[in-house]
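Working notes for the structure below.
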Amino acid sequence: MSQPPLPSPGTQAPRVGLIMGSQSDWETMHHAASVLEKLGIAHEVRIVSAHRTPDRLADYAKTAQGRGLSVIIAGAGGAAHLPGMCAAWTALPVLGVPVESHALKGMDSLLSIVQMPGGIPVGTLAIGKAGATNAALLAASILALSDPALGTRLAAWRAAQTAAVAEEPVR
Ligand code: RP5
Numbered sequence: 001m002s003q004p005p006l007p008s009p010g011t012q013a014p015r016v017g018l019i020m021g022s023q024s025d026w027e028t029m030h031h032a033a034s035v036l037e038k039l040g041i042a043h044e045v046r047i048v049s050a051h052r053t054p055d056r057l058a059d060y061a062k063t064a065q066g067r068g069l070s071v072i073i074a075g076a077g078g079a080a081h082l083p084g085m086c087a088a089w090t091a092l093p094v095l096g097v098p099v100e101s102h103a104l105k106g107m108d109s110l111l112s113i114v115q116m117p118g119g120i121p122v123g124t125l126a127i128g129k130a131g132a133t134n135a136a137l138l139a140a141s142i143l144a145l146s147d148p149a150l151g152t153r154l155a156a157w158r159a160a161q162t163a164a165v166a167e168e169p170v171r
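Residue 116 in UniProt numbering sits at position 116 of the sequence shown; the count goes up by one each step and never skips.
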């Protein structure tokens, strides 16, 4: 099956903001960027730390919607307050990715992100690579609600994934 064409790179304003608390999070979060690229979703990538650069976070989140972003993916590890604090500053959907920490294998990140008190939601994904991948796919699903061409690309991506699953394991 031929793949639907991607929009020309560089011609679109970013629709997804991909932020992370540290350079060290890129090892995980590049999986989200990779999926966004494959689906032709314009995005921007920034290091924004809730505790090291709190003013950068407030500015980023407060201006996100006005700058044309529709979804924010926020990855952080440890006491991972970045997604929750980001959601506090914007009404855009915020998808949180718990980065696997060395000390607690990402359980600290997961619980910090998922246990938001009622009132300010963060959509929390799985720890690590799977979460980063799925955050991008979930962002794509959200955007596809008002973008039929993206919906077609997402359906093709899923069909290719299905077609790649062998009926029998290699033994
Ligand atoms: C968090 O602390 C970051 O999201 C990162 O996952 C973790 C460790 O950061 P570094 O010490 O590697 O910069 O803020």
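Glycine included, each C-beta is placed from N, C-alpha and C at the ideal position.
This one's a predicted model, so the numbers in the text were calculated from it and none came from an experiment.
Residue i versus the options, residue with shortest Cα-Cα distance
{"i": "G78", "options": "S141, M107, G118, D55", "result": "M107"}
{"i": "A126", "options": "G151, A139, S109", "result": "S109"}
{"i": "K38", "options": "L150, V170, V122", "result": "L150"}
{"i": "A100", "options": "P14, Q12, P7, M20", "result": "For the record, residue 100 in the displayed sequence is Glu; it is not Ala. With distances taken between Cα atoms, E100 lies closest to M20."}
{"i": "G119", "options": "M85, Y60, R171", "result": "M85"}
{"i": "T102", "options": "L154, A164, D25", "result": "A small fix is needed here, since residue 102 is His in this sequence, not Thr. It is D25."}
Under the three-state DSSP convention, the category residue i falls into
{"i": "V122", "result": "coil"}
{"i": "H102", "result": "coil"}
{"i": "M116", "result": "coil"}
{"i": "G75", "result": "strand"}
{"i": "E27", "result": "helix"}
{"i": "E37", "result": "helix"}
{"i": "A18", "result": "The amino acid occupying residue 18 in the given sequence is Leu; Ala does not appear at that position. DSSP places L18 in strand when its eight states are reduced to three."}
{"i": "G131", "result": "helix"}
Contact check, residue i vs residue j, beta carbons under 9 Å
{"i": "A50", "j": "L18", "result": "no"}
{"i": "T152", "j": "P54", "result": "no"}
Contact belief for residue i with residue j at Cβ below 8 Å, rounded distance in angstroms
{"i": "P93", "j": "I142", "result": "6 Å"}
{"i": "L69", "j": "V35", "result": "Not confirmed; about 17 Å, so no contact."}
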